[in-house]
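Report on one structure; see the data block that follows.
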Amino acid sequence: MKKLLKSELFKAFILSIVIFAVLMIGTATSFINSYWQGVLILCGINIILAVSLNLAAGYLGQLTLGHAGFMSVGAYTSALISIYLNLPFIVSLLIGAVAAGIIGLVIGIPVLRLKGDYLCIITLAFNEIIRVIMNNLEITNGAKGLIGIPMNTNLVYVFIAMIITIFVVYSIVKSRHGRAIISIREDETASELSGIDVGYYKVFAFAVSAIFAGLAGGLYAHYYTVILPKGFDFNKSVEILVMVVLGGMGNLKGSIIAAIVLTVIPELLISFSQYRMLLYAIVLIAAMILKGTGKGEQIMERLSFFKKKDEVKPE
Amino acid sequence: MSTPLLKTEGLGIQFGGLKAVDEFNFEINKNQLFGLIGPNGAGKTTVFNLLTGVYQPTSGRILFEGQPIKKANTIKITKAGIARTFQNIRLFKEMSVIDNVKVGLHYSHPYTVFDALFHTPKYKKAEAAMQEEALSLLRVFHLEEFAESKAKNLPYGKQRKLEIARALATAPKLLLLDEPAAGMNPAETAELMETIKIVREKFSVAILLIEHDMKLVMGICEKIAVLNFGTVLAFGTPEEIRNNPDVVAAYLGNEEEG
Chain A
374 MKKLLKSELF KAFILSIVIF AVLMIGTATS FINSYWQGVL ILCGINIILA
424 VSLNLAAGYL GQLTLGHAGF MSVGAYTSAL ISIYLNLPFI VSLLIGAVAA
474 GIIGLVIGIP VLRLKGDYLC IITLAFNEII RVIMNNLEIT NGAKGLIGIP
524 MNTNLVYVFI AMIITIFVVY SIVKSRHGRA IISIREDETA SELSGIDVGY
574 YKVFAFAVSA IFAGLAGGLY AHYYTVILPK GFDFNKSVEI LVMVVLGGMG
624 NLKGSIIAAI VLTVIPELLI SFSQYRMLLY AIVLIAAMIL KGTGKGEQIM
674 ERLSFFKKKD EVKPE
Chain B
59 MSTPLLKTEG LGIQFGGLKA VDEFNFEINK NQLFGLIGPN GAGKTTVFNL
109 LTGVYQPTSG RILFEGQPIK KANTIKITKA GIARTFQNIR LFKEMSVIDN
159 VKVGLHYSHP YTVFDALFHT PKYKKAEAAM QEEALSLLRV FHLEEFAESK
209 AKNLPYGKQR KLEIARALAT APKLLLLDEP AAGMNPAETA ELMETIKIVR
259 EKFSVAILLI EHDMKLVMGI CEKIAVLNFG TVLAFGTPEE IRNNPDVVAA
309 YLGNEEEG
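Keeping their order, the protein sequence lines are chains A and B.
Be aware that the first sequence starts at 374, since it is given in my numbering, and climbs by one per residue.
Be aware that the second sequence starts at 59, since it is given in my numbering, and climbs by one per residue.
As C-alpha cells, then:
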C-alpha cells in the first residue's frame, strides 16, 4: 500500500512534468496559439474548481451549490489587492484564497448542521448573497464589473496551482483525515461511534474546498482582467457541480477529465454558433446516460493514466 | 472485581409519554460476557443507544469504570472505551475493508494535515502502524484476503465480522453487539459464537450482547438480563433465566414451540 501510494504519486509527478514540458514547448514554438492557451488556462482553473468541490461534495458527500460564491470571494479579494495595494501577484492570490477559506469556515460552521436538500438550498442562498453584495458595493464597481485588474495569470501559474490543488486534495483523501471524511459520507452515526469528530471534519473539508475555489477565482480574475458579479452566479456553481457529478463523486481523475472535457467541448462547438449550447446539453445528457451504464467508466478507465487495481471480488 | 466496568443506576429515557427504558439497573464486570434479551420492542437497542450517547437519558446515570458519563457525547464515550455494532449493519460500504478498520484506528494514530501533505516520517510511521494493526485485526476474523475489496461486496456474515473488527479497532474495554447473529444461518451462528469467544480472550474485552437467538445467548453468556417493556424482568445466569417463570411467560414460552 505504501509502495503503491509512492508509485502512484511518482507516476503522477512524471506525468505532470511531461505535460508541463509539452505545454511549454508548445507555447514557445507557438504550436499552441494564444487562443488555445486561453482554453488551457480555463481548463486548469476549472480543474481546480472541480477537484476542490469534489472534496466537499464527493468525498464528504455534502452537496453544496455555492462554490462559485467562494470563487468570487477569492476573485474580488485578490483583484482588489492587486489594484489598490500593488502587492506581488502570488501574495494577492494567497490572500484571496485565505479570504475564501475564512468565509468557508464562517459559513460552514452553522450551515453544515443541515443535510441534503436543505444544505443545497442554503449554500445556493449564500451564493446569491455574495453576488448581490458584489453587485452593490462601491469598491467592486457593482454590476459594471471590476476593471483594470493586471493580467498576471499565465499558463505556468495555472499549471502550478492546479498541481498543488490536486496534490493537496489527493494527500488529504489518502490520509487518516481523508478516511474520516469519506466515512462521514458513508455513515455519519457509525463514523461518530468510531471516534471521528464529524463536525470538525465537515467544516475542515468545506473550508479546504473553499480555499481552492478562492485560488481559482484569483487566477480567473487576473486572466480576464475584468470580473462581473454575474460571472459567479448560480449557473457557475452548477457548471462546476456538473463536472464533479460527470467525473464521479469522490473520483479525482474523473473530476480532472470531466473538467477538461466540459471546458473544451463548448470551444469546439463554437462554429455552430447559436446551436452551441443545445449541442452542449445533448453531449451532457449523453455523457450522464453513458456514465450509468459503465461504458463511460470504461472510457474513463482507458483515458486515465493509472490503471485501477483489480478488486478481489468475493463470490 | 471491586468496581464494575459499567454500571447503570436507574437509567431511563422517555419519548413523549412513552417510557422506552425505565429504572434500568445492571452492571458488567471486566471481561464478562453479558447477554441482554427480551421480546421485540422491549427497549434493548434503546439501552445501547443510551450507553453510546446516541440518546441522552432522561433519568438515572451511567458509570463507566466508576466514573459517571456526564452529558453523553459519542466521541468521548468511544474514546473512553465503549464500542458497538449495529442491528442493521452500518459499514462504510464504498470504502475498502481495511479502510473500514482504519477509521476505527483514526484517533489512536494521530498526525496532522501537514504531516499528510508533506509525507513526514510521523505520517509514514503512523500509516505503517495502522496498516499493520488493521491487517492483524482482519486476520483474527479471516478477512485479510478481502482487505482491498469494497466492504459492500463482502458476503453478509463477513460484513458482520468486519463490523466487529472495526469496533475493536477503537480499543474498547466494552463491546456492545446488537444482534450479531441476525439473519445468519445456524452454521454461521455457530461460527460467530466461536468468534465472540476468541474476541473476548484475545482482546480482553467485556461484551454486552443483544440477541434473539437463544442458543447463542444461553451458550456463551455468563450473565443475562431480561428486558420487558423497558424494565429489567430478570437477572442471572443462563440457568437461572431458563428456570425463571416470569421470563418463560414473557418471552421464552412463545419461542419454544417453533
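Beta carbons: idealized from backbone N, C-alpha and C, even for Gly.
Which of helix, strand or coil DSSP assigns to residue i
| i | result |
| --- | --- |
| Val599/A | coil |
| Gln145/B | coil |
| Gly477/A | helix |
| Phe73/B | strand |
| Leu125/B | Looking at the sequence shown, residue 125/B is not Leu but Gln. Strand. |
| Ile282/B | strand |
| Ala78/B | strand |
| Lys575/A | helix |
| Phe293/B | strand |
| Thr170/B | coil |
| Asp606/A | coil |
| Glu688/A | In this prediction, Glu688/A has a pLDDT of 37, which is less than 50 and means its spatial position is unreliable; what the coordinates show is noted afterwards. Glu688/A falls in the coil class under three-state DSSP. |
| Thr253/B | helix |
| Ala307/B | helix |
| Arg486/A | coil |
| Ile135/B | helix |
| Lys65/B | strand |
| Phe393/A | helix |
| Leu266/B | strand |
| Asn509/A | helix |
| Glu157/B | The sequence shown places Asp at residue 157/B, rather than the Glu named in the question. Asp157/B: helix per DSSP, three-state reduction. |
| Gly93/B | strand |
Proximity of residue i and residue j at Cβ, strictly below 8 Å
| i | j | result |
| --- | --- | --- |
| Ile19/B | Arg258/B | Outside the displayed range of chain B (59 to 316) lies residue 19/B, so it cannot be described from this structure. |
| Val581/A | Ile545/A | yes |
| Leu438/A | Val617/A | no |
| Val585/A | Thr538/A | First, the residue type needs correcting, since residue 585/A is Phe and not Val in the sequence shown. The answer is yes: Cβ separation under 8 Å. |
| Leu201/B | Lys180/B | no |
| Asn98/B | Leu63/B | no |
| Gln90/B | Glu206/B | no |
| Gly111/B | Ile95/B | no |
| Gly474/A | Val576/A | no |
| Val198/B | Ile156/B | no |
| Asn427/A | Gly623/A | yes |
| Gln145/B | Asp271/B | no |
| Ile282/B | Pro296/B | yes |
| Thr143/B | Ala225/B | yes |
| Ala583/A | Gly477/A | yes |
| Ala589/A | Ile522/A | no |
| Ile638/A | Val656/A | yes |
| Leu466/A | Ser451/A | yes |
Under 7 Å by beta carbon: chain B residues contacting residue i
| i | result |
| --- | --- |
| Ala448/A | Those do not exist, as Ala448/A stays about 25 Å from chain B at its closest Cβ, beyond 7 Å. |
| Ile569/A | Val161 and His164 |
| Ile318/A | Given that chain A is displayed from residue 374 to residue 688, the structure contains no residue 318/A and the question cannot be resolved. |
| Val541/A | Leu175 |
| Ser425/A | By Cβ distance, chain B contributes nothing, its closest Cβ being about 15 Å from Ser425/A, past 7 Å. |
| Ser380/A | Per Cβ cutoff of 7 Å: no residues; Ser380/A is ~13 Å from chain B at best. |
| Val582/A | Note that residue 582/A is Ser in the sequence shown here, rather than Val. Within 7 Å Cβ-Cβ: nothing; Ser582/A doesn't reach chain B, min ~14 Å. |
Cross-chain neighbours of residue i in chain A, by beta carbon under 8 Å
| i | result |
| --- | --- |
| Thr110/B | Leu566 |
| His200/B | Neighbours of His200/B on chain A: none; closest Cβ ~12 Å, over 8 Å. |
| Thr295/B | Per Cβ cutoff of 8 Å: no residues; Thr295/B is ~30 Å from chain A at best. |
| Thr66/B | Neighbours of Thr66/B on chain A: none; closest Cβ ~19 Å, over 8 Å. |
Chain A residues whose Cβ lies nearer than 9 Å to that of residue i
| i | result |
| --- | --- |
| Lys151/B | Glu559 and Asp560 |
| Thr103/B | Going along chain A, no residue has its Cβ under 9 Å from Thr103/B, so there is no contact; the nearest lies around 13 Å. |
| Thr178/B | By Cβ distance, chain A contributes nothing, its closest Cβ being about 11 Å from Thr178/B, past 9 Å. |
Chain B residues whose Cβ lies nearer than 9 Å to that of residue i
| i | result |
| --- | --- |
| Ile555/A | Phe150, Glu152, Met153, Asp157 and Val161 |
| Arg486/A | Chain B residues near Arg486/A: none, gap ~16 Å exceeds 9 Å. |
Nearest-angstrom Cβ-Cβ length linking residue i and residue j, presumed shorter than 8 Å
| i | j | result |
| --- | --- | --- |
| Ala441/A | Asn508/A | Rounded, the Cβ-Cβ distance is 14 Å, inconsistent with contact. |
| Leu519/A | Tyr432/A | Actually they are not in contact, since the Cβ atoms of Leu519/A and Tyr432/A sit about 33 Å apart, beyond 8 Å. |
| Ala632/A | Ala423/A | 4 Å |
| Lys151/B | Lys208/B | 7 Å |
| Ala470/A | Gly591/A | 7 Å |
| Leu233/B | Ala141/B | 5 Å |
| Ser564/A | Val161/B | 7 Å |
| Asn83/B | Val305/B | At roughly 17 Å, the Cβ-Cβ gap does not stay under 8 Å, so Asn83/B and Val305/B are not in contact. |
| Val484/A | Ile502/A | About 12 Å; that fails the 8 Å criterion. |
Under 8 Å by beta carbon: chain B residues contacting residue i
| i | result |
| --- | --- |
| His595/A | Those within 8 Å of His595/A in chain B number zero; the least Cβ separation is about 25 Å. |
| Arg704/A | Lying outside 374 to 688, the shown extent of chain A, residue 704/A is not represented and no answer is given. |
| Ser445/A | The premise fails here: Ser445/A is roughly 26 Å from chain B at the closest Cβ pair, so nothing lies under 8 Å. |
Chain A contact residues for residue i, given Cβ-Cβ distances below 7 Å
| i | result |
| --- | --- |
| Arg224/B | Ser567 |
| Thr132/B | Glu565 and Leu566 |
| Thr228/B | Ser567 and Gly568 |
Any non-hydrogen atom of the ligand MN within 7 Å of residue i CB
| i | result |
| --- | --- |
| Glu298/B | No copy of the ligand MN occurs in the structure displayed, which carries no ligand at all. |
Fill in: Residues in the segment 137 to 149 of chain B having any Cβ partner in chain E nearer than 8 Å
No chain E appears in this structure, whose protein chains are A and B.
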